[in-house]
Amino acid sequence: MVVSLFVLTLQFLFRRNYTEAELRRKLIVSLIRYYRFRKWPNIQPVQFLYQQAKINQVIDYCCKHHWLDNSCFAKHYANWRSEKGYSEQRIRIELFRKGISRDNIDAAFAKLAVDRTAAVAKRSLVNPCRIYRRLKTNYNVIFSIAVFLR
């Protein structure tokens, strides 16, 4: 099962980056599904603890080869979300929910300058194309009502 866990881990990591906690959660859910529906419908906790040791081996191997890095994930995630205009506090909460430690979160924001005023300004910008479409739609509605009332 270690080899198949390793292959499953690589499949997950090829799709996108994960934190250690997210990957561990995904592997546990995959194991539960595997044992419940295919192998043993009545899996015992002792057997599951044995499988969790294998999950820890696979995650340690991935961390040793730098395929899984919480600090790197935190930096990229904070940069990506701040470019989208999210505030620093919201990004911190999201990273904490993903299982990143506070030290890694602080290190990610030490090099990233999230400007709150720029984020608010970016969110409050009005797209002129959307205004034109709204006016055009409203004009068509008003025109059709005027024609109807004639």
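Each residue of the sequence shown is one higher than the one before, starting from 1 at the first, in UniProt numbering.
Where a beta carbon is used, it is the ideal one built from N, C-alpha and C, also for glycine.
Computed from a predicted model, the values in this text were never measured in an experiment.
If the criterion is Cβ atoms closer than 8 Å, does the pair L8 and I59 meet it?
To locate residue 8, count along the sequence shown from 1; it is residue 8. To locate residue 59, count along the sequence shown from 1; it is residue 59. Going by C-beta atoms, L8 is not nearer than 8 Å to I59.
For the alpha helix (DSSP H) containing R102, name the first residue and the last one.
Walking along the sequence shown from the start, residue 102 turns up at place 102. First-last of the alpha helix (DSSP H) with R102: R102 to A110.
Could you pull the start and end residues of the alpha helix (DSSP H) that N17 belongs to?
Within the sequence shown, numbered from 1, the residue matching residue 17 stands at position 17. Per DSSP, N17 belongs to no alpha helix (DSSP H) and is neither H nor E.
Is it right to say R81 is buried, meaning 16 or more other beta carbons lie within 10 angstroms of its own, or is it exposed?
As a working note, residue 81 is residue 81 in the sequence shown. It is buried - the Cβ of R81 has at least 16 other Cβ atoms within 10 Å.
When you compare the segment 87-99 with the segment 60-68, are there three or more beta-carbon pairs, one atom per stretch, that lie closer than 8 Å?
no
Quick check on DSSP: helix, strand or coil for W80?
The sequence position of residue 80 within the sequence shown is 80, counting from 1. Of the three classes helix, strand and coil, the one that applies to W80 here is helix, per DSSP.
Rounded to whole angstroms, what is the Cα-Cα separation between A74 and Q57?
By one-based count along the sequence shown, residue 74 stands at place 74. By one-based count along the sequence shown, residue 57 stands at place 57. Between A74 and Q57, the C-alpha separation is close to 23 Å.
What is the rounded straight-line gap between the Cα of K54 and the Cα of R33?
Numbered from its first residue, the sequence shown carries residue 54 at position 54. Numbered from its first residue, the sequence shown carries residue 33 at position 33. The alpha-carbon atoms of K54 and R33 are separated by roughly 16 Å.
In terms of residue numbering, what span does the alpha helix (DSSP H) encompassing L95 cover?
Locating residue 95 in the sequence shown gives position 95, where the first residue counts as 1. Note, L95: alpha helix (DSSP H), E88 to R97.
Taking the straight line between their C-alpha atoms, what separation do you get for M1 and R25?
For the purposes of this step, residue 1 is taken as the residue at position 1 of the sequence shown. For the purposes of this step, residue 25 is taken as the residue at position 25 of the sequence shown. Residue placement at M1 is flagged as unreliable, the pLDDT there being 49, under the threshold of 50; the coordinate-derived value follows with that caveat. So the two alpha carbons sit approximately 17 Å from each other.
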